[in-house]
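Contents: one structure, followed by commentary.
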Amino acid sequence: MLSAKAPGKLILSGEHSVVYGAPAIAVAVNHYVTATFSPSDTDTLIITSSVLGQSRRTLVQLEHLVAHLDQRFERFLLGELAVQDVLQTPHDLLYYTALQSDSLPSGTVTIHSDIPTGAGMGSSAAVIAALLQLFQSSSCAQQRDDKKPEFFQKVKYCERLQHGRGSAIDAAAVTYGGVLKVQADKVTPLPLELGDGWYHFHTGTPCCSTGETVAAVRAKFSHRTDLWQQFAKITQAFEANIKQPSRLGSAMRANHQLLQEIGVVPAPVSALIAQIESMGGAAKICGAGAHQGETAGQVLVYFPEQNSETLSAQLGVCLTPLQQQLNGAHRG
Numbered sequence: 056m057l058s059a060k061a062p063g064k065l066i067l068s069g070e071h072s073v074v075y076g077a078p079a080i081a082v083a084v085n086h087y088v089t090a091t092f093s094p095s096d097t098d099t100l101i102i103t104s105s106v107l108g109q110s111r112r113t114l115v116q117l118e119h120l121v122a123h124l125d126q127r128f129e130r131f132l133l134g135e136l137a138v139q140d141v142l143q144t145p146h147d148l149l150y151y152t153a154l155q156s157d158s159l160p161s162g163t164v165t166i167h168s169d170i171p172t173g174a175g176m177g178s179s180a181a182v183i184a185a186l187l188q189l190f191q192s193s194s195c196a197q198q199r200d201d202k203k204p205e206f207f208q209k210v211k212y213c214e215r216l217q218h219g220r221g222s223a224i225d226a227a228a229v230t231y232g233g234v235l236k237v238q239a240d241k242v243t244p245l246p247l248e249l250g251d252g253w254y255h256f257h258t259g260t261p262c263c264s265t266g267e268t269v270a271a272v273r274a275k276f277s278h279r280t281d282l283w284q285q286f287a288k289i290t291q292a293f294e295a296n297i298k299q300p301s302r303l304g305s306a307m308r309a310n311h312q313l314l315q316e317i318g319v320v321p322a323p324v325s326a327l328i329a330q331i332e333s334m335g336g337a338a339k340i341c342g343a344g345a346h347q348g349e350t351a352g353q354v355l356v357y358f359p360e361q362n363s364e365t366l367s368a369q370l371g372v373c374l375t376p377l378q379q380q381l382n383g384a385h386r387g
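This is how it looks when you write it as structure tokens:
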């Protein structure tokens, strides 16, 4: 039996703007997707997911799936399909990823995830990375530094079916681990340890997907180069001041204001963030957020020298201390 795992991630600065060429900073965290594979002599690939349930398809049924989904993605690029219609079943992305191997695998894949879906924590990228680790050759699976750029591109390529014209940040975080900066397809690992004072909490799964929200923002704001330049300046300030609490809080508050301007922070989430700011902390959504509904996935909180239990009680939410994960996807 083979096994592999990949971490989730949180965006520290630069969500949405990274799609338009601005830098973004993310951190891999200790929430994981774990995948195992038991080969068999059958002509069937069974995938069981703790989130999606079970699906089974024969290798004959899978023979043309990659070409079929590639064609549907091209139709999305041409404006003939919405991003949420590229994949026809929830398991399509999992089979598509498994089929990136050199030969059609048969057997049973079991996927377990403790990363909330639709929460801005890169659950899709983590699933893809874990599956790719299972089915690539042993030499590539060691995740040597010289192999990581190639692996990153494979994760990003598969993930496009889920998120459309999304950024590379999820693929980068699950590949490299640690803290990293992403700009376009350039990934720069940052030798940083965030330390204490970082928390996150889940506001609930958004009613719209990451791809839908990215598309909605693109429709309204893709021409606003001045806006994306403001995001870029905030990310640069964030990187420069990551060890200076007062300046870091200011950068996060400014980031939150810009995210509100592009309409991805629902009113109830905005009210919670305002409460955190009134107490002296800083907070922001740390993913795509949501362009409609009342929930927005994960919220990142920076509140040094405060007790998480006390803060949780005051806010009425369950704050989880952020635990940085240094390793990206790997076998075993």
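Residue numbers for the sequence shown follow the working numbering, beginning at 56 and rising by one. Even glycine gets a Cβ: it sits at the ideal position worked out from N, Cα and C.
- Annotation for THR258: no beta strand (DSSP E) segment contains it, and DSSP assigns it neither H nor E.
- Counting only the Cα atoms, ALA83 lies some 4 Å from LYS64.
- Between the beta-carbon of LYS236 and that of THR230 there is about 14 Å, and that puts the pair past the 8 Å contact cut.
- Counting the other Cβ atoms within 10 Å of the Cβ of GLN116 gives fewer than 16, which makes it exposed.
- DSSP places GLY63 in the uninterrupted beta strand (DSSP E) bounded by 57-68.
- The alpha-carbon of GLN353 is positioned some 6 Å away from that of THR258.
- In terms of Cα proximity to ALA59, the closest of GLU129, ASN85, ALA185 and ILE66 is ALA185.
- In the displayed model, GLY383 falls within coil according to three-state DSSP, outside both helix and strand.
- The DSSP assignment places 203-218 and 224-231 as complete runs of the alpha helix (DSSP H) inside the region 199-248, in order along the chain (cut-off: 4 residues).
- Collapsing the DSSP output to three states places PRO145 in coil.
- Membership of GLY266 in the alpha helix (DSSP H) is indicated by the continuous run 265-276.
- Exclusion of the five residues before and after ASP140 leaves ARG127 and PHE131 as the residues of its chain whose Cβ lies within less than 8 Å of its Cβ.
- When DSSP states are grouped into helix, strand and coil, SER110 belongs to the strand group.
- Per DSSP, LEU355 is one residue of the beta strand (DSSP E) stretching across 353-357.
- Annotation: LYS288 is outside any beta strand (DSSP E); the continuous alpha helix (DSSP H) that includes it extends over 280-295.
- In this structure the region 304-315 lies against the region 328-338, because at least three pairs of beta carbons, one per stretch, are closer than 8 Å.
- In the DSSP assignment, ILE101 forms a beta bridge with ARG111 and THR163.
- In this structure, the straight-line span from the alpha carbon of ALA270 to that of LEU154 is close to 28 Å.
- Here HIS123 is exposed, its C-beta having fewer than 16 other C-beta atoms within 10 Å.
- Around the beta-carbon of PRO321, 16 or more other beta-carbon atoms lie within 10 Å, marking it buried.
- Less than 7 Å divides the Cβ of LEU189 from the Cβ of PHE92.
- VAL88 has ALA61 and SER168 as its beta-bridge partners, per DSSP.
- Secondary structure note for ILE317: it is in no beta strand (DSSP E), with a DSSP letter that is neither H nor E.
- For the options ASP147, SER105 and MET176, the alpha carbon positioned closest to that of SER168 is the one of SER105.
- As a beta-bridge residue in DSSP terms, LYS339 pairs with LEU355.
- Below 8 Å, enough C-beta pairs join the region 375-382 and the region 254-268 to call them touching: three or more.
- In the DSSP assignment, GLU349 falls outside any alpha helix (DSSP H), carrying neither H nor E.
- Sixteen is the threshold: when 16 or more other Cβ atoms of the shown chains lie within 10 Å of the Cβ of ASN310, as they do, the residue is buried.
- By the C-beta density criterion, GLN380 is buried, having at least 16 other C-beta atoms within 10 angstroms.
- Around THR350, the same chain offers THR258, GLY259 and PRO261 as residues with beta carbons nearer than 6 Å, after the five sequence neighbours per side are excluded.
- Per DSSP, GLN126 is one residue of the alpha helix (DSSP H) stretching across 120-132.
- Annotation for GLN315: SER325 place their beta carbon closer than 8 Å to its own, counting only its chain and skipping 5 residues before and after.
- By DSSP's assignment, ILE80 forms a beta bridge with SER68 and LYS236.
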